[in-house]
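So that you can map any letter, position 9 of the sequence shown is 620 in our numbering, and since no number is skipped, the others follow by simple counting.
Ideal Cβ placement from N, Cα and C applies to all residues, glycine included.
In this text the structure is predicted, and so the values were computed from the model without any measurement.
A short write-up of the structure that comes next.
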Amino acid sequence: MRVEHIDVLIVGAGLSGIDAGYRLQTQCPDLGYAILESRDAIGGTWDLFRYPGIRSDSDMYTLGFPFRPWRGEKSIADGPDILQYIRDTAAEFGIDRRIRFGHKVIDASWSSEDARWTVRASTGQGTVEMSCSFLYLCSGYYSYESGYLPDIPGLQDFAGTVVHPQFWPENLDYEGKKIVVIGSGATAVTLVPALAEKAEHVTMLQRSPTYVMSLPARDPIATRIRRLLPDRVAHRAVRTKNVVVNLGFYQFCQRFPSVAKRVLRTLTERRLRGRIPVDPHFSPRYDPWDQRLCVVPDSDLFRTLRAEKAEIVTDRIDTVTEKSVRLESGRELEAEILIPATGLQLVPAGGIEFVVDGEKIDLSTRFIYRGMMLDGLPNAAMCLGYTNASWTLRADLASLYVCRLLRYMRRNGYRSAVPRYSGDGRTRPLLGLDAGYIHRAEGALPKQGSRSPWLMRQNYLLDLPTMRLGRIDESMQFTP
């Protein structure tokens, strides 16, 4: 049976995959491509997550596509608006016609003799096989099939409803109910204000606090710039402004952690207005940006807590009973609905199994090259965003680099390109955040080295010239 061959296969039709499709069809128009999407819809994260209040925690001028200005009123945008933006972008540029829905990639096998990948994907009609010259993974970093649920004593005895935010049921009626949200991350701080609008009472139960920072949902500076300048010029100006401001604040936190702690504490005290104590609820033991900061638009979490529509409790769970959560302090929190907002399951490379010339590849033994390719893995790239900035900033740089690499190979008659590790052997964890979901997956993730091009820099302004203008052949082996 003849196997269909496509020049470039993109895996995933979320923000990164749509960006990759646009870059390929505009910068490598002579190459054919297809996007394999495991689900039946465009949007990735923004189609999967449906919980109340779902929104971005990055501004849309940097999270959005650089080639299609964000025109929404809110800079910190609501999930449905982001999803519509992704869909509209895919339709406007004809990218949606390249997507094959219901195709979950299982494995990919490389043949050096043929200089191509053979990719197997499961569909509703069985397993299909196709080949490609280049494989580009834009499938995100976490499992779509399962979220992380820690061992919570007594959870099986709870008589109410347990809902994981990743799989929010459309028909869940929480009006007038007592709800306990377990967690302190971005999902928890998003859920609490939204649920409090209808619920009788919402408790945010956290084992340890996180830094929470309020930003205006509507960026006043961006609004002024958009009134004065043409659409695309304004978008570029606001995007640049936000990149510089966000990176500057991150660098400030890294270089002056004690000062940054005091600044964030002072800002939090102002938002709480003496109604809720900063200690222990908003005083993390770690330094700012050791974990990702949580952003709330227009102080919505703080306003909800001040209005006593919700409360925050910092304690550990002793056990869950039939109708409550009993804490180690002895306090009991009545609950009809439990929401464990306890994080994601990280899955490197979408859980795809890789084989190169008959040898199975263990990704955890590999070094990452320019934050997107792996040593010893030919003609393949994976899209990894920033942990300290908008995901799409790095995703777009990765797509631009892939296009540069493909043009270079065609220009020089090369059929394959594979990074070859040339570092000093010193390693660092792939993702530089001290977060539980990252620690749980460290044994499965690739490594980074101590210097470029094996060092994954969390700095867009440094990556921009490297990815757009840097040497293509550095530590890269090409084969005609």
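Locate the alpha helix (DSSP H) running through Lys872, then write down its first and last residues. If you number the sequence shown from 1, residue 872 lands on position 261. Taken as a continuous stretch (DSSP letters only), the alpha helix (DSSP H) holding Lys872 covers 868-883.
What does the Cβ neighbour count give for Gly787, buried or exposed, with the cut at 16 atoms within 10 Å? What you label residue 787 is simply residue 176 of the sequence shown in a count that begins at 1. Gly787 is exposed by the Cβ-count criterion.
Quick check: the region 956-969 against the region 708-726, are at least 3 beta-carbon pairs closer than 8 Å? yes
Which partner residues does Gln1088 have in the DSSP bridge list? Translated into the one-based positions of the sequence shown, residue 1088 becomes position 477. Per DSSP, Val1029.
Distance, Pro831 Cα to Arg1051 Cα: Residue numbering aside, residue 1051 sits at position 440 when the sequence shown is read from its first letter. Residue numbering aside, residue 831 sits at position 220 when the sequence shown is read from its first letter. Rounded to whole angstroms, Arg1051 to Pro831 spans 40 Å at the Cα level.
Under 8 Å, with one C-beta from each stretch per pair, do the region 634-651 and the region 1009-1022 reach the 3-pair mark? yes
May I have a chain-ordered list of the beta strand (DSSP E) segments no shorter than 3 residues that lie completely inside the region 749-796? 753-758, 789-793
In chain order, what residues of the same chain have a beta carbon less than 8 Å from the beta carbon of Val683, not counting five sequence neighbours either side? Locating residue 683 in the sequence shown gives position 72, where the first residue counts as 1. Here residue 683 is Gly; the residue named in the question, Val, does not match the sequence. Answer for Gly683: Met671, Asp692, Tyr696, listed in chain order.
Would you tell me roughly how many angstroms separate the C-alpha atoms of Asp668 and Ser1027, rounded to the nearest one? Within the sequence shown, the letter at position 57 stands for residue 668. Within the sequence shown, the letter at position 416 stands for residue 1027. Straight-line Cα distance between these residues: approximately 38 Å.
Distance check for Glu943 and Trp681, CA to CA, integer angstroms please. Indexing the sequence shown from 1 puts residue 681 at position 70. Indexing the sequence shown from 1 puts residue 943 at position 332. Cα-Cα distance, rounded: 46 Å.
Would Gln902 and Ala702 qualify as a contact pair, given that the criterion is a beta-carbon distance under 7 Å? For the purposes of this step, residue 902 is identified with residue 291 of the sequence shown, where counting begins at 1. For the purposes of this step, residue 702 is identified with residue 91 of the sequence shown, where counting begins at 1. No.
Is the number of C-beta pairs between the region 842-853 and the region 930-938 that are closer than 8 Å three or more? no
Determine whether the beta carbon atoms of Thr734 and Gly713 lie at a separation below 7 Å. If you number the sequence shown from 1, residue 734 lands on position 123. If you number the sequence shown from 1, residue 713 lands on position 102. Contact flag set, yes.
Which word fits Glu615, buried or exposed, when buried means at least 16 other C-beta atoms lie within 10 angstroms of its C-beta? As a first step, residue 615 must be located in the sequence shown, where it is residue number 4. So Glu615 ends up on the exposed side.
Checking 7 Å against the spacing of the C-beta atoms, do Leu953 and Tyr759 come in under that value? Here residue 953 is taken as the residue at index 342 of the sequence shown, counted from 1. Here residue 759 is taken as the residue at index 148 of the sequence shown, counted from 1. As written in the sequence, residue 953 is Thr, which differs from the Leu given in the question. Yes, the pair counts as a contact, with Cβ atoms nearer than the cut-off.
Going along the chain, which residues of its own chain have a beta-carbon closer than 6 Å to the beta-carbon of Ala726, five neighbours each way excluded? Counted from its first residue, the sequence shown places residue 726 at position 115. Correct list, in chain order: Arg1026, Ser1027.
For Ile687, the first and last residue of its enclosing beta strand (DSSP E): Translated into positions along the sequence shown, residue 687 becomes position 76. First-last for Ile687: undefined, no H or E at that position.
Given a cut-off of 7 Å on the beta-carbon distance, is the pair Leu904 and Met824 in contact? Residue numbering aside, residue 904 sits at position 293 when the sequence shown is read from its first letter. Residue numbering aside, residue 824 sits at position 213 when the sequence shown is read from its first letter. Yes; because the gap between Cβ atoms is below 7 Å, this pair is in contact.
Please report the distance separating the alpha-carbon of Arg634 from that of Val870. Here the question's residue 634 lines up with position 23 in the sequence shown. Here the question's residue 870 lines up with position 259 in the sequence shown. Approximately 41 Å, taken between the alpha carbons.
Taking the alpha helix (DSSP H) that Phe913 falls in, what are its first and last residues? The residue labelled residue 913 in the question sits at position 302 within the sequence shown. Unbroken alpha helix (DSSP H) run through Phe913: 911-917.
According to DSSP, is Lys934 helix, strand or coil? Stepping through the sequence shown from its first residue, residue 934 is reached at position 323. Reduced to three states, the DSSP call for Lys934 is coil.
Suppose you measure from the CA of Pro1040 to the CA of Ala1009; what does that come to, to the nearest Å? Looking up residue 1040 in the sequence shown gives position 429. Looking up residue 1009 in the sequence shown gives position 398. One C-alpha to the other measures close to 20 Å.
Within 10 Å of its beta-carbon, does Ala770 have 16 or more other beta-carbons around it, so buried, or fewer, so exposed? For the purposes of this step, residue 770 is identified with residue 159 of the sequence shown, where counting begins at 1. Exposed, by the Cβ-count rule.
In the DSSP assignment, the alpha helix (DSSP H) including Asp630 goes from what residue to what residue? Position 19 of the sequence shown, counted from the first residue, corresponds to residue 630. Where Asp630 is concerned, the enclosing alpha helix (DSSP H) stretches over 626-638.
What does the alpha-carbon distance come out to for the pair Ile687 and Ser723? One-based indexing of the sequence shown puts residue 687 at position 76. One-based indexing of the sequence shown puts residue 723 at position 112. So the alpha carbons of these two residues sit roughly 46 Å apart.
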